[in-house]
Amino acid sequence: MKMLLVVEDSKIQEVLHFFVLCWMGIKPTQGTPTSRIHPAKKEKKIATRALRNSPAIKLPKLQSKADYKAWKSEVPLHFETCTLGDITYGTERYDENEGLRRPKYAEWFRMRKNKAFSALALSLSVNLRSTFRMDELRDKMKAASALYNQIVQHFEAGDGINPDYLLQDLVTRKLRPGESVSAYVDDVGRKVTQLRQANGEFEEWQHASLLLSNCVLVLCNLAREHADWINNNNRKPLKLSEALQRLRSAEHQRAQLQQQSKPAVPREMQVAQVTSSSSNSKKRSKQRRKRNKGITGKKMKTNCANCNGEGHWYAECTENTGIPLKAELAKKLKEKQAKKNPTSLINSMANVSSSPPYQQLQLPREALPAQGLQPSQEGQGE
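If you read the sequence shown in the numbering used here, its first letter stands for residue -14, the second for the next number, and so on.
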């Protein structure tokens, strides 16, 4: 037997192995001894070559429970023909000692594992990939079987939802900074309902205790008080309504403390605000004066459309020069004045009430000389 370990030529090993079997009283079968004693080696070589050269396995897309039945029926059709069935279902497990002793065995197992794991992972939706934590499984030798078992448990437990995942999501839900108690309570209540619908048990006292314990990031005093209360009392009599009342009361007290802790505005800042407001008003008055100066300058440089003179516009031409307006300019001026007149009844009533008495009541021209008043002196007489 020592000679078998020293000799390197494979054919000499086969001949020596044949004589050893004869010497031990074992009748060798026809054909070469190696082909009869180690048929699995040749099969693995052929399967390895075929698997390495085969295209990627494409399974149906799996997103919801409606897709699960068709997906599961397709898995054995693709995997068992590529010698991936046992490694996927978990019936074949990796032998670490064999892998250390035979590197080709480790390479063969790893190649099959990667092929099966990639096919399973690529068939899942993005949400399911994050749910099953693909990055944590990828490098493990049992990655294919672990992922397949998680998929089966996820879709075959209670309406397509695994209660273990829902429970983990529920117990890690905490009150976040800036979040209202109402939003926190509603979200936790929704998760509890989903867990119960998936045949997961979650009692009322567990719901109430979870709400009080998981507010530690925001209402730390309330969470600390609840932890002390748990150490000295039984949690089962705790009611959900009591927990909600304590949460809302703590939120109200926290809001009051935040309001009281706000610093008052110093007197110097108030004076500064008044000064800034007065300076702003001065700036606005300066801007108005600049605007008026601009209008005056524009008027001085513009020729009158009626008389072609400078220093006034056509609306002021008759008053300044006595020249009557042209027909088209007079029509244009009337249209502008009509646009400026009030359009509502309330504004017209206000304008009438605010006008001087002598404008509200105009006497006929025939009556003016009899009263000894001229039209231009009527307002002065009153």
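We put the beta carbon where it would ideally sit given N, CA and C, even for glycine.
Check whether the stretch 66 to 76 touches the stretch 127 to 135, counting contact only when three or more Cβ pairs, one atom from each stretch, lie closer than 8 Å.
-> In short, these stretches touch, since the Cβ pair count reaches three.
Got a sec? Which residues, its chain only, sit under 6 Å from Tyr79 by beta carbon, not counting five neighbours each side?
-> Here residue 79 refers to the residue found at position 94 of the sequence shown. Closer than 6 Å at Cβ, skipping near neighbours: Phe94, Met126.
Are the CB atoms of Met119 and Ala106 nearer to each other than 7 Å?
-> Translated into the one-based positions of the sequence shown, residue 119 becomes position 134. Translated into the one-based positions of the sequence shown, residue 106 becomes position 121. Result yes, Cβ atoms of Met119 and Ala106 sit closer than 7 Å.
Pairwise C-alpha distance: Ser198 and Pro45 = Position 60 of the sequence shown holds residue 45. Position 213 of the sequence shown holds residue 198. Each residue's alpha carbon lies about 43 Å from the other.
Could you check where the alpha helix (DSSP H) with Leu225 kicks off and where it finishes?
-> As a working mapping, residue 225 is identified with position 240 in the sequence shown. The continuous alpha helix (DSSP H) containing Leu225 extends over residues 225 to 245.
Taking C-beta to C-beta, are Leu318 and Asn291 nearer than 7 Å?
-> Along the sequence shown, read from residue 1 onward, the residue named residue 318 stands at position 333. Along the sequence shown, read from residue 1 onward, the residue named residue 291 stands at position 306. Not a contact, by the Cβ cut-off of 7 Å.
Proximal residues to Leu151 (C-beta, below 7 Å), its chain only, five neighbours per side dropped | Residue numbering aside, residue 151 sits at position 166 when the sequence shown is read from its first letter. For Leu151, where only same-chain residues beyond five positions count, the Cβ hits under 7 Å are Lys176, Gln179, Leu180, Ala183, Gly185.
Using DSSP bridges, identify the partner residues of Glu295.
-> The count along the sequence shown starts at 1 and reaches residue 295 at position 310. The secondary-structure analysis by DSSP pairs Glu295 across a beta bridge with Asn288.
Val60 burial status per 10 Å Cβ neighbour count (16 or more: buried) | Here residue 60 is taken as the residue at index 75 of the sequence shown, counted from 1. Classification for Val60: buried.
In whole angstroms, what is the alpha-carbon distance linking Cys289 and Glu320?
-> Residue numbering aside, residue 289 sits at position 304 when the sequence shown is read from its first letter. Residue numbering aside, residue 320 sits at position 335 when the sequence shown is read from its first letter. C-alpha of Cys289 to C-alpha of Glu320: approximately 19 Å in a straight line.
Identify whether Leu107 lies in helix, strand or coil by the three-state DSSP scheme.
-> One-based indexing of the sequence shown puts residue 107 at position 122. Note: Leu107 maps to helix in three-state DSSP.
Among all the DSSP beta bridges, which residues are the ones paired with Leu47?
-> On the sequence shown, position 62 is the one that residue 47 refers to. As DSSP reads the structure, Leu47 sits in a beta bridge with Leu109.
For Cys200, which of Gln191, Arg158, Leu225, Trp298 has the nearest alpha-carbon?
-> By one-based count along the sequence shown, residue 200 stands at place 215. Of the candidates Gln191, Arg158, Leu225, Trp298, Arg158 places its Cα closest to the Cα of Cys200.
CB-CB under 7 Å to Ser108, same chain, minus the five flanking residues each way: which ones, in chain order?
-> Against the sequence shown, residue 108 aligns to sequence position 123. Cβ neighbours of Ser108 within its own chain (closer than 7 Å, five residues either side excluded): Leu44, Pro45, Lys46, Leu47, Trp56.
Would you mind giving the Cβ-Cβ distance between Leu232 and Val166, rounded to the nearest angstrom? I have them listed as a contact below 8 Å.
-> Locating residue 232 in the sequence shown gives position 247, counting from the first residue. Locating residue 166 in the sequence shown gives position 181, counting from the first residue. Rounded, the Cβ-Cβ distance is 5 Å, consistent with contact.
Please classify His139: is it buried, with 16 or more other beta-carbons within 10 angstroms of its beta-carbon, or exposed?
-> Here residue 139 corresponds to residue number 154 of the sequence shown, with the count starting at 1. Flag for His139 reads buried.
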